[in-house]
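For reference, the structure is listed below as structure tokens.
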Amino acid sequence: MYEQELNEIGLSNNEIKIYLALLKSGLLNPTQLAEKTGLHRSYVYDTLERLLEKGIINTLLVNNKKNYQAVDPKILREIFELKIKQLDRIIPELSSLFESKNEGTKIELHKGKNVYLTLIKDLTANLRKNDVVFIIGANEEVLETIEPIYLKQYFSIIKEKNVKERVIIADGSKRFKERNIEYKNLNRNYLGDTTIVIYQKKVFLFTWDDPYYLILINSRKIVESYKKQFNLLWKIAKK
1 MYEQELNEIG
11 LSNNEIKIYL
21 ALLKSGLLNP
31 TQLAEKTGLH
41 RSYVYDTLER
51 LLEKGIINTL
61 LVNNKKNYQA
71 VDPKILREIF
81 ELKIKQLDRI
91 IPELSSLFES
101 KNEGTKIELH
111 KGKNVYLTLI
121 KDLTANLRKN
131 DVVFIIGANE
141 EVLETIEPIY
151 LKQYFSIIKE
161 KNVKERVIIA
171 DGSKRFKERN
181 IEYKNLNRNY
191 LGDTTIVIYQ
201 KKVFLFTWDD
211 PYYLILINSR
221 KIVESYKKQF
231 NLLWKIAKK
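So the sequence shown is numbered by our numbering: it starts at 1 and just counts up by one.
Rendered as structure tokens:
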């Protein structure tokens, strides 16, 4: 039930098994954990050490023998928020190193069902206060189906940072009821089967084939070209 979410925040499968077993059962020793999880005792010991290092379980001596218990799940959030703060402190220097070696045009190709997640993660990590995101041919129904959790997080961030979205959609398409998003409609023939997302110095191109494809272009010149295309379509689109 919770395995996928715990895996996405960095816990291995064995760590998840042991952590959940401790949450459900309370205080357990390694032998009991091996029985409940089906893991070999050597794996149990190794995994317990990693969980102790991460600070999400504790030890307690019972009859001079080590037993283990899970910390309050709320502490998980505090631990990862602290890691994010530590990372935030060095991001500017890391970004400077990255940008110094990546001048000019950079192109990436991604394939698969989760390509939208690549975009959402990029936006949530890099959006700045008062940024504007330009979108041509958005398919909100598909996006809502594929990435509902990350989409909710994204909406929270654009509100917090006062980011604006200007979105051109096909006539009759779904709209999200968000104050930060301004929609206009165009005949579907003008938009085709590609979604274009433009922000900062990046252009994301999605193709609606099976599987999905995403092309990321990192170039100020190309961004300006796509912005001109967006502005032309925005003028003829209707609210």
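Ideal placement from N, C-alpha and C gives every residue a C-beta, glycine not left out. All values derive from a computational prediction rather than experimental measurement.
Whole-number beta carbon distance between residue j and residue i, since they are thought to touch under 8 Å
i	j	result
I181	V203	So it is not a contact: roughly 19 Å between Cβ atoms.
Y212	K113	6 Å
I222	T118	So it is not a contact: roughly 18 Å between Cβ atoms.
For residue j and residue i, the rounded distance between their alpha carbons
i	j	result
R77	I198	32 Å
L94	T31	44 Å
T195	F80	33 Å
K36	E3	16 Å
Y190	F176	21 Å
L151	I158	11 Å
L39	K228	59 Å
D171	N139	11 Å
N187	K54	53 Å
L22	Q69	6 Å
V192	Q86	The identity of residue 192 in the sequence shown is Gly, whereas the question assumes Val. Straight-line Cα distance between these residues: approximately 44 Å.
L97	E178	36 Å
I107	L61	56 Å
E224	D88	29 Å
I9	S173	34 Å
Assigned secondary structure, residue i (DSSP; H/G/I helix, E/B strand, else coil)
i	result
T105	coil
N187	coil
Y68	strand
A170	strand
V62	strand
V163	coil
F206	strand
L48	helix
L241	Nothing can be reported for residue 241, as the shown portion of the chain is limited to 1 through 239.
E178	coil
N130	coil
L11	coil
K238	strand
K113	coil
Proximity below 7 Å, CB of residue i to CB of residue j
i	j	result
L127	V163	yes
T47	I18	yes
I16	L27	no
K161	K129	yes
N214	H110	The question names Asn, but residue 214 in the sequence shown is Leu. Yes. Within cutoff.
N29	N67	yes
N14	Y43	yes
V71	I91	no
E165	V115	no
R220	K201	yes
F230	I169	no
Exercise. At a cut of 8 Å, does the stretch 224-239 reach the stretch 113-123 through at least three beta carbon pairs?
Worked result: Touching, no, given that fewer than three Cβ pairs across the two stretches are closer than 8 Å.
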